[in-house]
Structure formats: structure tokens, C-alpha cells
Amino acid sequence: MAKVLMKGNEAIAEAAIRAGANNYFCYPITPQTEVAEYLAKRMPEVGGVFLQAESEVAVGNIVFGAASTGKRVFTTSSSPGISLMQEAISYMAGAQLPCVILNIMRGGPGLGGILPAQSDYFQATKGGGHGDYRLLVLAPSTIQEAVDLTMLACHLADKYRNPVMIIGDGMIGQMMEPVEFPENYTEPELPTKDTWAATGAKGRKPRVIKSLFLDPYKLEDNSVVLYNKYQQMKKDEVRFELYKTSTKNKVLIVSYGTMARICQTVIDELEEEGVSVGLFRPITVYPFPEAALEKEATRKNIDTVLTVEMSMGQMVEDVERAIARRRPVEFFGRTGGIVPTPDEVKKQIKELIKKKHGAKTRQSTTKSKKKG
Amino acid sequence: MSGKTRFTPPQFSNKILIIVGGFGSGKSEVSVNLAAYLARTSSEAVTIADLDVINPYFRSREAASQLASLGVKSLIPGGENVHADLPIVIPEVKGAIEEPGGTLILDVGGDDLGARVLSSLRDAFPATGYDLLLTHNANRPFTSDLEGTLKVMSEIEGASRMKFTGIICNTHLMKDTTSEVVLTGLKQSREVSATANVPIVFLSAVTEVLETMDPELIDCPILPLNRSLLKPWERQAPTGGN
Amino acid sequence: MPQYEVLWAGFGGQGIMVAGQLLAYTGIKEGKNVVWIPSYGPEMRGGTAYCTVVVSDKRIGSPIMSQVKAACVFNRPSFDKFCPKIKPGGLLLVNSSLINTTTDRTDITEILVPANKMAIEAGNVRAANIAMLGAFVGATGIIDPKNLEAVIHEKLGAKKAVLGTNLKVLAQGLEIGKKGIRQRQKA
Amino acid sequence: MSEQTKTIFSRPEGLQETVTHYCPGCTHGVIHRLVAEVFDELDIRERTVGVAPVGCSVLAYNYFNCDFLEAPHGRAPALATGFKRLRPDMIVFTYQGDGDLASIGMAEIVHAANRGEKFTTIFVNNAIYGMTGGQMAPTTLSGQITTTCPAGRDVSQTGEPIRVSEMLATLNTPAYLERVSVDSPMQIIKAKKAIKKAFQYQVEGKCFSLVEVLSTCPTNWGKTPAESTQWLRDNMMPYFPLGLCKSPDSKEGN
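This is how it looks when you write it as C-alpha cells:
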């Protein structure tokens, strides 16, 4: 199929349909409303279900009910809306229901602003709702990757019977890039849903889809089942990308999403200036590629690891955890909807190198995160 | 326990003993210990019904297996419902009130809120033949003085549509309980008893504290308590009834 | 070709976003990597609307840049805002129908395009963006005008009147762009 | 069984063989039974999915003999919406109390009704929060004593009790809304008819349907079952009048 130019939001919407998630529920919120607008037109064409509900609280729970049928269900929102969905997300994780949730992140906390940010990393990867659960979280950095990961998310949600979240910053939602949809999409075989979906108690005992376990031992058992799934994800689903990592690197950047692309430009420009920097880009942020990162970050030639985010420092905690103090971990971030420019990041790296190899310590990078 | 025999044990002429009181006064602990004591000392069957429809924590049902080993029957919701945060009153309770067949201890939830359940079961109770016992802890905020205690009593009487027949002096400060705490509490319970014209039926206190006390100072029957409703970190070894 | 970034800016409704997209589509047609980035946020409502298009033979990294190689500005606020964002040696295309000033920067090439006037004369003021697009392609040559014509045909419709107007102003724009560059080179 | 004997009272197929946890005098058991009988009569049990609320009937899935979903507090109509939209061929019902439906879940029920979602809601109104131990509900009557209004509900502070059926009847979207009671054999027969009608409308794919059932809570009201029934007649019925609120066959209810 020929390449088409698509906005991230539209491309993700189309990808969900291509992956068979043609049941979509939503509540409008900038900067992801184009998904809803696109699917309002597309769903009737493919005989799917489109419904705009009264709130994200309702949307989350409509998705919960819809996922109970065993069919693929998809929803999208942006930061404050995702907060409202946490109730249902927690229940779905507890009841082991698959669904795909897209968060086109905007700046926060609170109402914040509509400009791009990566400040929902904690919410996405560390729980967000109540209870002992995890989401599988994918973070695309190009529109093509957003398409590929949306389709993958549909598969993984069913494979693990767990909600899967795609986090993109506002740039991913809003910018246009050429994308190509796979001609004949086939996915690996999945276990039957006929063991758990509510389909009517015909010729079998009634099924209950629930997260309520009065007996504490049974609740613990359920949590152990979930835990084992998360361990399996850690084994099988870790995804990341390396860019220009080599034995010449002094600095290793860790960055994801749009921010990682900005860092690529920085790395290209520094290369021309004779400074060698590599990039480690997590694609799954849960499970976090900790073993791979540890390996790359603790190579002999690496002096410093710089985490760059559009937040006040969230993923950096996972980076620190993975590296376990074996290398200094520095952080640079801008937030509030401000996207760091390549020049800003470049300046940080030059200062880091100077600090390590040059004159006395100047302003520390972590301090300068207050005002890039 | 040394000198166990010097205490006068509590005695009851009625078959149904209803334990009520303010939140956190120690109703469940007293109920469980009373059940265990009666099971050990009397030949009659002892049944305990957990009627706490208010608070799902520290209910007497937690001691059910411990009491079962002493032959005490617990009337509690079956299966996983035993853990439910639901106001479950199982039908067997009504039956047991109508025909106790031994001693029946009703462990009721706190305050007038918990006592409402008695009102809903009112037509099962015989006209007389039950004791409504106030568990009095003078160290709890709402029952720390005469006025407050009388108010709680009147509220419970209103909600349950029953009259008090006795007071259990159960003043304590959990682990910080001393003989002084027990004696100060007894003094306050006496004051309540005199004003409300309801007798003190017994004093209850943990064995460790009672052992340090001069029994002469306690002029009422005594029920020594072995703490059985423990916080998870207090449950070091399986707790027996003794 | 090395990476080329061009910023399109003007009032909402001047076809800014569409001009950028037509450029991006033509890039795809030629097998190039492209990114189209809208401004969104407060700028969306009134004031300036703008988008950036990046065209490159290589993988495109940052979609965000503090400076661009070229800017096509359609109104005065855009002129004021984006003139300083052009890299030295870069290109500024000014819609001279609506902007009655010129830059005092000497390190960039400035080409005046009477886009609105051209469009009105050709029969439809809405074709101003195509006039500008023509001038940009004429000046830079980053895409083949034939491919751009095909994309315009495909995306904006084959209706005779509309297509005629578009192709007419496109051709005029191309000439203005080429001429502007020649003049600069002579100077 | 001899030829002379005839079973006149047996467990409907729609109910499981389980003892419920409901208190003596509670009407949930009766209402469950009526719903289950309707399953049998309409022969829909095998294609029915129930949605349980948070409330005293949270464990309803242990009693009904059909597939069930357990919803977050108040969200049963949202779950039902999602399910029914994807499986319009199935029969979906929510079973909700007044705290669940009329307080925390008010937005969900109003919008589901207004969209005309084609599921059925059994709304059990006993004017109090049962599960959490007798707190004030949106349907608690003026002056009624609960644990969170120990001096009686002061409507100048907390508003008047909400008449859910009447409120939903103001929506223009066609719906079947009826209020019933199960305080006497005669009322139980009427309640059954209403519940059957509600499911019938769903089977026909006609409209959203809700049956509000006035119910008692002896444990939290602090009244014997007989006193509770009388209190319901004396206090609830005047404020929550029984009868049809809205029918899809006529634009206005009565």
C-alpha cells in the first residue's frame, strides 16, 4: 500500500481499525479529539461501534462493559481524561480484561495546558489507579511507529488479557508524517476468548467478570496471577531502540517519544562537531528495558547517562533504578508544554562533558532543569 | 494465673446476653472472652452471634475458630461472605434468639448505630429473659464522663428499644493499661451505675494487669481477658483461648 | 538533498496548513521523508496559524527546531514573529499584498509575492496559498513542480475552474520564485 | 411425585441453588426471584448478562444463574451500555440500589436512559445505604434518621429526596419507567408484570426500561420486617407513588 500523509491521531485511529479494534468510545479532549472525529466517520464504514459518552468516567466503564464481550475495544483521551478513566482501568486490570487506551499527553498537573508533555509517565507505568496492577505501556516516536504499536497493542492486550496503554505527547497526536499500513495484516494466534468472555450461560455454568474477591486469600491469588503476567511481559515484551551507540560514546542519552527524536538530531549535530553521543530509546516503558539499558549504560566508554524528558523527571527514576548507581545519571527536562529544542539539549551535553573532562564544576544540570 | 480463685466470676440468670456499647469500648473482646469463659465453666452450650453490621474490622468472627475449639458455636455469615463489608444478619440469629438452647451472646456493633439491628430483631426476643449489657470504657471520648455515658446509654436504648440491665466495666488503654487505669474506670462506672440505676455485672481487664492488683479493691465479679482479637503484627503464635 | 525546513504562517483561513500539506504530499510522492507539524494551542484561535514542513532524504529527527531554512509569511504578525527565526543564508517569502514592509536582515534572501493580488486576478482569492507555494518551489527547487501540480490536482479537486485558477497562480508563483533567486544571485 | 401433587413453588432456573446473604425481611430475595422468573418465562436466561452494583446486592452474581459483570460503584449503566452496544443480540440488565444509581451513578443512568440504551435496570429503592451500614441516600425521606443524619434528614441542607423515575420520565427519549413495590402479594404480582414488561421491551429492542422497586431495610431502619413494611406504606409510598411513569407507547406517562 502506498504511503499516505497522516496526522498521528488519524493514523492511530486507522491503525486500531486495521487491527480489528472497531469498537470505540470517547469523550472529546484536546489534543486528541481528531481520533474521535476520524472514527466518527470511519466506524460506520467498517460496521464498527462509535459512541461519545458523557464523561471519561463513563467511557472507561463503557470500555469495561464492551471488553467483557470479548471483542476488541479502543479508547483515547488526554491527561486529565485519562485520570478520570483510572477507576475503570484498575477494575479491568483486576478482572483481566483487554483494551487499548491511547493517552496523548498534555502538560499538567491539573488542567494544565494542551501543549505536548510527557508528564504522565508515572501514571501510566506505576499504576495510576488503585491496587496492585500494571499496564503494558508503549511509547511511539514517529507516526509510523504509532501505527505499528497501536496494532501491536491490540494484540498484546488480548495476549495478556490486560489493558495496554499507548502514550504519545501532543506532537505525536498532531504532527503529520507519511505512514504505510500493512497490506495483509495477520497476527500471531491468540488463545480463545471463549474461556472468559460473557457470552450467555448457554450449555455452561454462568461466568462472572469481576475484581471483587471477599476472601483475602483469593484476592491474593488473583494478584499473583496478575504479577505472573507482568513477569512474563518483562521476559517477552521489552522493546527499545539504540541510535548511534558505539565505543566512542562518552554520553548515553535515554529518551522516549518525540523527545527521543529531538535527541537524535542533537546526536547528529554533535557528531559533525566530533562529539560522540549515543541514544537509548525505550519503546516499552512498562516493562522498562532495564537489563538492556544497564548493559549499554555501563559500557567502559560511558561516563554519564543523561535522561531527557518533557517532564520534571519521571522516567529518570527507572533509569536510575536500572543503572543502580554504576554511572552518574543526569537529567534535563522542560515541561508545561515546552518542548526542549535541540540547541538546549546540546548545551546540556556540552556542559556535562566539560564538567567531567574540563574545568571546575559549573552549574549542575539537574539544577538547570528549573529553567532550561 | 496465681490467685485466680480469689476473683468472683460473673454469673448470669438469663440465657441471652447482649453486649453493646460505644465504638471501641471492647465489646467484641469482652464477648469472645465471655463466651470462652462460659464454655469452660458451664456445661451448657454457648453460642456467639456476630451482629456487628457497622465495622468490618476487629469483629468477633475473627475468633470463630479459636472459640470452636472450646465448643462455642459462632453464628457468622458463611463462606467468603464472612469477609464482606455488608450488614449481613443471617437467619440463624433470629432462630437462636427465639430458642437459645444454652447461653447466647450477641456481639452488637458500636453505639446506637450498631444497636439498631436489635430493633429489627425485636419480635424475636422474649419479653424478659435477656440482659442488655453496656461495655463501658471510660477512656473513650464519648464515654469519658457521666454525662456522655448516660447519653450513649439513652441513644442505645432508643435505637434498640431495650433497657439496660447491666454494666461491664471495661476501661482500658490497650497496651498502656495499668491498675490505676482500671481502678479509675471502675470509679466512673460506679458513678454511672448509681445514676442510671443499672448494676455493674462484672469488671473485665487483661490478666497481666489484674495480676498486679489487689483484688480487695474490686468489689464486683471479674472476667480476666486474654486478648484474642489481635492486630496482624501481634499474632506471633497461634492464640489459644487460654 | 539535505534536510529542508520551511515554516508557513498567516491568519487562520489563508490556507496555510493546506499549503504545507501539499508540499509534504509532493515530498512523499518523490520518496522523501517528510514531517508536517502544526502549531496548536492558543495560536489556533486568531492571530497566527502556522505549520512547519520538513523534507529530507534522511531519517528526520527532531520535529521541533528553533530556526528554519525558510519561512512563507502571509500577514504582518507572522512577518514580525518568524522573520528572526530564519537561519542565516535562508529564505523569506512575503505576501506583499498584505504586508507593506520588508526585512532589514541582510543575511537572508527576501522575495515579495503579491499572493492575494495574483489569486484575485486569477479568479479566486483562496488560491493565494498556491501562489506562495509556487514561489517557494520556484525559489528552492526542493520538489519537482510537475509532481506538485499532480498533488494539487489530486487533493484540491479536478473541477475545471478551481484547477485552472490553481495551476495559473502556481505557474506565476514559480516564475516569481525563480526570478527572485536570480536577482539575489546577481546582487 | 404422585399424580395428585403438583409443584406450585419451585426455584426458577434463573436462580442458583445458593442461600443469599440478605437479612431477614429484606426484599432483595423477592426481587431476585421475580427477575429470575421473567428469565424463565421469556426464555432469555442463556443470553442474559447482568451487571451487579456496589451495594447490598453486590453479590447478586452468586444468586442469578446467568453471566454477570461486577461494576464499579454507580457505573453499571456504563458497563451495560458498552456490552449491549457490542452485543445487541443479548439481554443486559443492571441491578442497582439507590446509593449506587441515584447518587454516585446518577450521570451514568441519566445519560444511558437519554441515549435510549436498550437494556433494563432494576432499581431497588429502600431510602438508605444498606451496604455501608445505613447512611443517608439521595432517596432518604425528609426527617428520616440515618447514621449520617442522626437528627433526621434536613432537606434545607441536603435537598429533597430524588424521585428517579419521575426525573428520568422528563427525558424526551422513549423509555419504559414504572415504580412498583413488593410489600404484599398483590403488589408482588404487579411488580412481576412490570419487570416482565421491562424485559419484553428489551427483547423487542424497543427502548431503555427501568423498574423502580420500593424496598425495605429492617436492619438499617432498625425495624422488624412487619414494621418495615408498614413504614414503607406509610412513608415511602406517599412520596414515591406507585405506577407507570413513562411508556414508550405513549409520549407522556401518567
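Heads up: the protein sequence lines correspond to chains A, B, C and D, in order.
Number 160 in the working numbering belongs to position 176 of the first sequence; there are no gaps in the numbering.
Number 209 in the working numbering belongs to position 206 of the second sequence; there are no gaps in the numbering.
Number 9 in the working numbering belongs to position 4 of the third sequence; there are no gaps in the numbering.
Number 243 in the working numbering belongs to position 242 of the fourth sequence; there are no gaps in the numbering.
Each residue gets a CB set at the ideal place from its N, CA and C atoms; glycine is no exception.
Given the structure is predicted, the values throughout are model-derived calculations rather than measurements.
- Ranked by Cα distance from Lys228 (chain A), the first of A:Gln298, A:Thr249, A:Leu133 is A:Thr249.
- Rounded to whole angstroms, Phe315 (chain A) and Arg309 (chain A) show a C-alpha spacing of 14 Å.
- Counted as a single uninterrupted DSSP element, the stretch harbouring Cys88 (chain C) is not any alpha helix (DSSP H), since DSSP gives it neither H nor E.
- Contact annotation for Val39 (chain C) against chain A: Leu(-11), Met160, Glu161, Pro162 [CB-CB distance below 9 Å, chain order].
- Beta-carbon to beta-carbon, Gln136 (chain D) and Thr121 (chain D) are separated by about 27 Å, too far to satisfy the 8 Å threshold.
- Look at Lys(-13) (chain A) here: in three-state DSSP terms it is coil, with no helix or strand label.
- Following the DSSP letters along the chain, one finds Met76 (chain A) inside the alpha helix (DSSP H) bounded by residues 63 to 79.
- Within a 10 Å sphere around the beta-carbon of Trp222 (chain D) sit 16 or more other beta-carbons, which makes this residue buried.
- Boundaries around Ser182 (chain D) are those of the beta strand (DSSP E), 176 to 182, since no alpha helix (DSSP H) includes it.
- For Leu41 (chain B), no beta strand (DSSP E) segment is defined; the enclosing uninterrupted segment is the alpha helix (DSSP H) at 30 to 44.
- Each residue's CA atom was taken as its position, placing Val36 (chain D) and Gly152 (chain A) some 46 Å apart.
- Secondary structure at Asp41 (chain D): helix, using DSSP grouped into helix, strand and coil.
- Chain B places a beta carbon closer than 9 Å to that of Phe197 (chain A), counting this residue as a contact.
- For Leu153 (chain B), there is no enclosing beta strand (DSSP E); the residue is part of the alpha helix (DSSP H) that begins and ends at 149 to 163.
- At least one CB atom of chain A sits nearer than 9 Å to the CB of Pro43 (chain C).
- Under the DSSP assignment, His139 (chain A) falls outside any beta strand (DSSP E), being part of the alpha helix (DSSP H) whose first and last residues are 127 to 144.
- Secondary structure note for Lys247 (chain D): its beta strand (DSSP E) is the uninterrupted segment 244 to 247.
- The residues Ile22, Ile51, Ser63, Ile108, Asp110, in chain order, have a CB closer than 7 Å to that of Ser34 (chain B) in the same chain once the five nearest residues on each side in sequence are set aside.
- Contact between Val156 (chain C) and Ala136 (chain C) is ruled out by a C-beta separation of about 16 Å, above the 8 Å threshold.
- At the C-beta level, Asn63 (chain D) and Gly15 (chain D) stay beyond 9 Å of one another.
- If you check the CB distance, Ala199 (chain D) and Glu179 (chain D) come in under 9 Å.
- Every alpha helix (DSSP H) stretch that sits fully inside the region 87 to 139 of chain C and reaches 4 residues is listed by chain position as 120 to 127.
- When Cβ-Cβ separations below 9 Å define contact, Asp110 (chain B) makes no contact with chain D.
- When the beta-carbon positions are compared, Val238 (chain A) and Ala281 (chain A) come within less than 9 Å of each other.
- For the region 109 to 127 of chain D, residues whose beta-carbon sits nearer than 7 Å to a beta-carbon of chain A comprise Glu109, His112.
- Residues of chain D whose Cβ lies closer than 7 Å to the Cβ of Arg125 (chain B) are, in chain order, Thr225.
- Val259 (chain A) and Gly66 (chain C) have their alpha carbons spaced roughly 18 Å apart.
- Taking the CA atoms as reference points, Val85 (chain B) sits about 52 Å from Gly(-8) (chain A).
- Contact of Glu83 (chain B) with chain A by beta-carbon distance below 9 Å involves Phe197, Leu198, Asp199, Lys202.
- Per the coordinates, the alpha-carbon of Pro175 (chain D) lies some 6 Å from the alpha-carbon of Cys208 (chain D).
- Residues Ser74 of the same chain have their beta carbon placed closer than 6 Å to that of His114 (chain A), with the five preceding and five following residues left out of the count.
- Ala118 (chain B) has a beta carbon lying within less than 9 Å of a beta carbon in chain D.
- Residue pairing for Arg265 (chain A): DSSP places it in a beta bridge opposite A:Glu225.
- In the DSSP assignment, Glu180 (chain C) falls within the alpha helix (DSSP H) that extends over 165 to 191.
- Note on the region 155 to 234 of chain B: whole alpha helix (DSSP H) runs with a minimum of 4 residues are 182 to 199, 210 to 213, in chain order.
- For Thr53 (chain A), the C-beta contacts it makes with chain D under 7 Å involve Phe84, Leu87, Arg88, in order along the chain.
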